[in-house]
Amino acid sequence: MAQADQRGLELFAQGRYQEAIGSFEESLRQAETSEVWSDWATAQFASGRVPQAREGLKRALQLNPQNHQAAANLRLVELLADSAQKCAGGSQQGILSNDSLLRKFLQDIQAIPGEDPSLPPKVIAAIRTTRLDSGYFVGKCLERLAKLPPEILPPALACLERWAEAECRLAIVLGCLYLRAKEYERAGRLLRFACERNPLDLFAENALIACHHQRAAETGATSEFEGLEAYLAGSFCEVPWRHLEIAWDGNTFLCCPAWLPLCVGNARDQSLEEIWNSDLAMAIRKSILDGSFRFCSKFHCVSIAARTLPRRPSSVPGGESALNSALAPSSEFPLRVPGGPRKLVLSYDRTCNLACPQCRSEFHVAGREEQESMERDYSPGILRTLRHAETLYLNGAGEAFVGRHSRRLLSLVKREQFPQLKLHFISNGQLLNERAFHEFDLWGRIHSIQISMDAARPETYRLVRRGGNFQRLLSNLAFLDELRRTREEKFRFVLSFVVSSLNFREIPEFVQLGNRFHVDSVIFTLFRNWGQLPRGEFEKLNVVNPDHPEHREFLRVLESPELSDPIVDCGSMAPYRHPPERRDE
């Protein structure tokens, strides 16, 4: 973050908007970025210049369509402008909205930064990357609501209710407000909506967990999150000491980005060596050592949701006593880890031969410019890192055996140069056949294969794996099964299933399919909306929502005896199958 931009944020926090605008403009003259345009627009809006704010936010989105903060602010600017237009019409709501105090409140909440300006620049950038913490915005908005005169509060809440549909942070504000008022049903609905709209917002997630806790404490109802904090305090996870993942935009993570969404650096402009022991990487490791798991998703991490984390060993601080909150790292798990990651996960080449609803709405093939960028930005650092790694994971974003860049990289990772390296494939299985084994010299080099299927019937497979051939997949599964049973290949074999309204009735059949091919595990995860679907479409698929018309049938399917099979890993589906007391055993 440029010095002028940081100075602008400090001035903005002090309410010195015009000076902040000057600092942001200085920063833009040095380098035009989406983030600085968004900051500039926010300061313009705080100064009452709505047209300038609108144009600044549009420019921010031109530079980076993935700037979620700018998109959220633009929606609020447009909504506020729409409200002002209605005010001019003279309706009763307009008369109320014309009140100067209400208008000032509406302007004030629009001007609240998405992140705490007092945080270090790297932390602000990390929060912005995945919008993982709306806490600062929500807290400041609640402060402003508390200061409103009683006669202004009803129209203010009416405006927030209307806007919450378009801006999920306002749904969190209202959810927290209703939670304070012990209106648990309304609070839960709003917070659940916010979590569905932005699955990476850990603040919204924690607010929903708090809602479950409070409701259970007052009503005696069972909460799937009962005992969660105590469970985490006594648990451990070594993944941030082993794992480094590069996502599609170059952002890097110490676990699956859906499970641990704090970005620790960007591989486009930092070396993997720098990122591996960055300040943010060490903060994540510290959060595991202190038992808080504060950067981890309690919903999406399958080990937390299913409560299958290993117990905290005595060699880890806090392991000998739950009361021991020492943060000093042990010799086995230091905050700074020498030598680089043991697992390198590549999830940036989005080229794929299928278009599946949980991943994308259209087929994607990287063009020449995108391929050249991947070669230039990633390949040299990856090959350096692999000299010390144990496992290379391909491909968390597309299909390794289709993407030209991924195929080239795989051909460079030769047995002679990387004798210690094992390969892990996350694949749709359409091209994982004997030809692939010969072409890339895979014999004896595979650690594990995870095949994403999401169906047990051909007619369903056509819906959830658009572009795939079910019979070809079954043939390739039989080939992989035969490799393990008769050719002494030792890789771990897993089938995975993303649960939605399209396929949940096939869960028992999928377990039977796993046994047919002698797999080690079948893994179930819940369908999430990572921005690939409009809200209406997601609601139709989100069968785990208690308001979904097929939710009760989904719960009955989870009672199927097949789910007691030892090969079953219920993953993030586990809270809907097992009560907390059973999971804690």
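Note that this note's numbering gives residue 678 to position 357 of the sequence shown, counting from 1, and the numbers run on in steps of one.
We put the CB at the ideal spot given by N, CA and C, even for glycine.
Sequence-distant residues of its chain with Cβ nearer than 8 Å to residue i (five each side left out)
i, result
"R375", "A362, L395, V398, E399 and A402"
"P582", "T451, L453, L521, L523, F574, F616 and S618"
"C516", "D522, A525, E526, L529 and F620"
"S544", "H533, H534, R536, A537 and P901"
"A477", "L423, F426, L427, L466 and L469"
"E506", "none"
"L675", "F684, E720, N749, Q751, R786, R787, G788 and G789"
"P438", "L330, E331, F333, A334 and I445"
Limits of the alpha helix (DSSP H) - the one that residue i falls within
i, result
"L384", "V371 to L384"
"Q771", "Not the alpha helix (DSSP H): Q771 falls in the beta strand (DSSP E), residues I767 to S773."
"L704", "S700 to T706"
"L804", "F791 to T807"
"C516", "Y505 to R518"
"L731", "R725 to L733"
"V865", "Counting along the chain, V865 falls outside any alpha helix (DSSP H), and DSSP gives it neither H nor E."
"D762", "Segment: none, D762 is in no alpha helix (DSSP H) and carries neither H nor E."
"H836", "The sequence given here has Asn at residue 836, not His. Where N836 is concerned, the enclosing alpha helix (DSSP H) stretches over I828 to R837."
"K461", "G456 to A467"
"C532", "L523 to T540"
"T781", "P779 to V785"
Opening and closing residue of the beta strand (DSSP E) in which residue i lies
i, result
"Y714", "T712 to L715"
"A568", "H564 to A568"
"I747", "K743 to S748"
"L667", "K664 to S668"
Proximal residues to residue i (C-beta, below 7 Å), its chain only, five neighbours per side dropped
i, result
"F758", "W764"
"A643", "Caution is warranted here: a pLDDT of 34 is assigned to A643, below 50, making its placement in the model unreliable, and no coordinate value can be reported."
"F761", "L731 and S732"
"P470", "L422"
"A392", "L382"
"D905", "Note that D905 has pLDDT 38, beneath the 50 cutoff, so the model's placement of it is unreliable and no number is given."
Beta carbon of residue i nearer than 9 Å to that of residue j
i, j, result
"L884", "R898", "yes"
"A492", "L474", "no"
"K664", "H745", "yes"
"I844", "F814", "no"
"R657", "N598", "yes"
"E331", "R449", "no"
"S822", "N863", "yes"
"A729", "E696", "Here the sequence assigns Arg to residue 729, which means Ala is not the residue at that position. Contact: yes."
"L847", "M894", "yes"
"L794", "I772", "yes"
"L565", "I596", "yes"
"S842", "D802", "no"
"V819", "Q679", "yes"
"H768", "F800", "no"
"L384", "T354", "yes"
"I342", "Q365", "yes"
Beta-ladder partner(s) of residue i, from DSSP
i, result
"T573", "I567 and G586"
"T846", "V819"
"C680", "Partner(s): none; C680 has no beta bridge."
"A673", "With the sequence shown as reference, residue 673 is identified as Cys, and Ala is not the correct amino acid for it. According to DSSP, C673 bridges with H685."
"V889", "V843"
"S556", "R632"
"F814", "I770"
"R736", "None; R736 has no bridge partner."
Contacting residues, own chain, Cβ-Cβ under 6 Å from residue i (five flanking each side not counted)
i, result
"G456", "F524"
"R849", "P520"
"L752", "F722"
"P887", "none"
"I625", "K619"
"V706", "Here residue 706 is Thr; the residue named in the question, Val, does not match the sequence. Correct list, in chain order: L593, G661 and L665."
Sufficient close CB pairs (3 or more, under 8 Å) joining the stretch 464 to 480 to the stretch 418 to 434: Taking 8 Å as the limit for Cβ pairs, the verdict is that the stretch 418 to 434 does touch the stretch 464 to 480.
Measuring CB atoms only, is the stretch 556 to 573 touching the stretch 514 to 533, in the sense that at least three cross pairs come out at less than 8 Å? no
Using a Cβ distance threshold of 8 Å, determine whether the stretch 710 to 725 contacts the stretch 667 to 677, with at least three qualifying pairs required. The stretch 710 to 725 makes contact with the stretch 667 to 677, as at least three CB pairs between them are under 8 Å.
Is there contact between the stretch 532 to 549 and the stretch 678 to 688, where contact requires at least three CB pairs shorter than 8 Å? no
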